[in-house]
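Q:
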Amino acid sequence: MDIGAIGFDKGHVTLDDQSLKTQLDLQVELLGKPIPFSDIVGESEAKKVAEKGAEAQAYAFALKVKGQYHGQKLAGTGKIGGLLALQDSRKPFPLQAQAQIGDTKVELRGSLTDPLNLGALDLRLKLAGTSLGNLYPLTGVTLPDSPPYSTDGHLTAKLHDPAGATFSYQDFNGKIGDSDIHGNLTYVASQPRPKLSGALVSNQLLMSDLAPLIGADSNAKQKARGGESKQPADKVLPVEEFRTERWRDMDADVEFTGKRIVHSAELPFTDLYTHLVLNDGQLSLEPLRFGVAGGKLDAQIRLNGHTTPLEGRARLTARNFKLKQLFPTFEPMKTSFGELNGDADIAGRGNSVAALLGSANGDLKMLINDGAISRSLMEIAGLNVGNYVVGKMFGDKEVKINCAAADFGIKSGLATSRLFVFDTENAIIYIDGTANMASEQLDLTITPESKGLRLFSLRSPLYVQGKFIQPSAGVKAVPLVLRGAGMVALGVIAGRRRACWRWWRPAAMSPTSARHCCSRCARARHR
Numbered sequence: 110m111d112i113g114a115i116g117f118d119k120g121h122v123t124l125d126d127q128s129l130k131t132q133l134d135l136q137v138e139l140l141g142k143p144i145p146f147s148d149i150v151g152e153s154e155a156k157k158v159a160e161k162g163a164e165a166q167a168y169a170f171a172l173k174v175k176g177q178y179h180g181q182k183l184a185g186t187g188k189i190g191g192l193l194a195l196q197d198s199r200k201p202f203p204l205q206a207q208a209q210i211g212d213t214k215v216e217l218r219g220s221l222t223d224p225l226n227l228g229a230l231d232l233r234l235k236l237a238g239t240s241l242g243n244l245y246p247l248t249g250v251t252l253p254d255s256p257p258y259s260t261d262g263h264l265t266a267k268l269h270d271p272a273g274a275t276f277s278y279q280d281f282n283g284k285i286g287d288s289d290i291h292g293n294l295t296y297v298a299s300q301p302r303p304k305l306s307g308a309l310v311s312n313q314l315l316m317s318d319l320a321p322l323i324g325a326d327s328n329a330k331q332k333a334r335g336g337e338s339k340q341p342a343d344k345v346l347p348v349e350e351f352r353t354e355r356w357r358d359m360d361a362d363v364e365f366t367g368k369r370i371v372h373s374a375e376l377p378f379t380d381l382y383t384h385l386v387l388n389d390g391q392l393s394l395e396p397l398r399f400g401v402a403g404g405k406l407d408a409q410i411r412l413n414g415h416t417t418p419l420e421g422r423a424r425l426t427a428r429n430f431k432l433k434q435l436f437p438t439f440e441p442m443k444t445s446f447g448e449l450n451g452d453a454d455i456a457g458r459g460n461s462v463a464a465l466l467g468s469a470n471g472d473l474k475m476l477i478n479d480g481a482i483s484r485s486l487m488e489i490a491g492l493n494v495g496n497y498v499v500g501k502m503f504g505d506k507e508v509k510i511n512c513a514a515a516d517f518g519i520k521s522g523l524a525t526s527r528l529f530v531f532d533t534e535n536a537i538i539y540i541d542g543t544a545n546m547a548s549e550q551l552d553l554t555i556t557p558e559s560k561g562l563r564l565f566s567l568r569s570p571l572y573v574q575g576k577f578i579q580p581s582a583g584v585k586a587v588p589l590v591l592r593g594a595g596m597v598a599l600g601v602i603a604g605r606r607r608a609c610w611r612w613w614r615p616a617a618m619s620p621t622s623a624r625h626c627c628s629r630c631a632r633a634r635h636r
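Sequential numbering from 110 applies to the sequence shown in my numbering.
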């Protein structure tokens, strides 16, 4: 039947789908007069549509909708073309809408080609909300938790692509927290799982805007973005769980570049690059690379969301961190040529950072050469306990560090020092003990061996104990009768330390620097 004309004034449509938790109440009214397509989308966008071979039709109806969509409150308004325009598949059908679904705001304007068969979309799309993760129940797209965000870009869709409906969000710009974000993303509704791919760039990235990725933002910010966990006041390691059930709903292949990291003096990160791949619930960041203090921190991270609990492994390599850039406001370090290098290989099981580290097994090694230490440096670093310990050993003086090395073995979340030593111009400092990442407890003993005339037998070891968030330090109570045996005990300790030096393969430094550093420490112990 060929309908030549339709008389239409107002319309009212309701939809109630209990399975989708969706109830909509839609009102449709005829506009007082048609609105040209270019008045809504702009002259330049209208010209682009016309260049494709057909001018879009005018807007004829106003829409108003309220209710809920996938269990979230919805309210919005919009405009569409006339009913007869639906019959001409060659002419783009105009769309315009603004809506709020839960805490997500959506604005779009553009056209739908072949509307009766849902042919293709060409829209200007703006999105804004409290967290990217909250888009999942609305779109089915797995995105990470984030600070508040906003984006503005060009969305095109080929709804009948043989590979699956394809959505491309192109040349978008926006903000996530206080960081800018730009890029292109493509989502294909393929089988057996949809896939998101693309490349993102941030010209100025704030480290704090990455905190929600691992649940490291504050409880107030977690609550604002809909987080379900609450970080205990006495815990440092994030307890918010990863939503691994979402990882199995979609694959991804996305590159992210942070050209410049904006930070404070305490965080000398300069840039970031990572390649994220999500495949059937298994997520990898290979590489995850930071520029740090003139050097590089390279990591390979793999998380298996198919297992319960999550299995994770992280391999980290720190190379050529310049001490003068790590502590740029510490005057004695400004002329230092010293570096920090290290390696870590850690694997654990658990659905949060706290659980993964609390069950971890692995190794951690670190080497420092040609540095300096003082109470003022501890104050710069915000380490009150370090301030106390350094003050007890060296007073208010600045002391040169010839070399420092650490080797920790980690088993079931308990990091135990196999070797932890500082060779300074005045003393060799030995540190023994554990850091329990499951209970977040420190239990360290610090034993100084004087190089000068000050006898070690007159000095007592120090301790650092307590929770990570607020450890305490003090002088170990050693009975006077035992102090006379201090020199004998020191000989036993030093011999054990010399054997431990065999652990270090100097890959973390140039071979010459590593041998030089290690030999100085070895010679110092023979004095």
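Just so it is clear, CB atoms sit at the ideal spot from N, CA and C, and this is done for glycine as well. Note that the coordinates shown come from a computational prediction; the quantities given were computed from them, not determined experimentally.
#1: In this structure, does DSSP put Ala547 in helix, strand or coil?
#2: Determine the DSSP secondary structure at Met359, reduced to helix, strand or coil.
#3: Given the structure, does Phe146 come close to the ligand NAP, in the sense that its CB is under 6 Å from one of the ligand's heavy atoms?
#4: Give me the residue from Gly575, Asp472, Ala423, Ala320 with the minimum Cα distance to Lys520.
#5: Report yes if the C-beta distance between Gly421 and Gly457 is below 7 Å; otherwise report no.
#6: From Asp125 to Gly335, what distance separates their C-alpha atoms?
#7: Which residue wins for smallest C-alpha separation from Trp356, given the options Ser240, Gln127, Asn388?
#8: Starting from Gly262 and walking both ways along the beta strand (DSSP E), at which residues does that stretch end?
#9: Please classify Gln313 as buried or exposed, where buried requires at least 16 neighbouring CB atoms within 10 angstroms.
#10: In whole angstroms, what separates the C-alpha of Arg611 from that of Ile510?
#11: Can the beta-carbon of Ala167 be found less than 7 Å from the beta-carbon of Pro143?
#12: Fully enclosed by the region 301-360, which alpha helix (DSSP H) runs are 4 residues long or longer?
#13: Are at least three pairs of beta-carbons, each pair with one atom in the region 146-156 and one in the region 128-135, less than 8 Å apart?
#14: Based on the DSSP output, what are the partners of Arg428 in its beta bridges?
#15: Can you give the Cα-Cα distance for Leu104 and Asp326, rounded to whole angstroms?
#16: How big is the Cα-Cα spacing for Ala169 and Gly191?
#17: Enumerate in chain order the residues of its own chain whose CB-to-CB distance from Glu109 is below 7 Å, with the five nearest sequence positions on each side excluded.
#18: Run through the DSSP bridge pairs and tell me what Arg218 is partnered with.
#19: Give a yes or no on whether the C-beta atoms belonging to Gly451 and Ala469 are separated by under 7 Å.
#20: Where does Asn226 land, buried or exposed, given buried means 16+ other C-beta within 10 angstroms?
#21: Do you know how far the Cα of Pro418 is from the Cα of Leu234?
#22: Along the chain, where does the beta strand (DSSP E) containing Leu476 start, and where does it finish?
A: Per the coordinate set shown:
#1: coil
#2: coil
#3: Only the bare structure without any ligand can be found here, which leaves the ligand NAP out of the picture.
#4: Asp472
#5: yes
#6: 26 Å
#7: Asn388
#8: 258-267
#9: exposed
#10: Note on Arg611: pLDDT 41, under 50, position unreliable in the model; the coordinate value appears next. Distance between the alpha carbons of Arg611 and Ile510: 21 Å.
#11: yes
#12: 328-333, 353-356
#13: no
#14: Lys405
#15: Absent from the structure is residue 104, since the part of the chain shown begins at 110 and ends at 636.
#16: 5 Å
#17: Nothing about residue 109 can be reported from this structure: the residues present for the chain run from 110 to 636 only.
#18: Gln205, Arg233
#19: no
#20: exposed
#21: 38 Å
#22: 470-482
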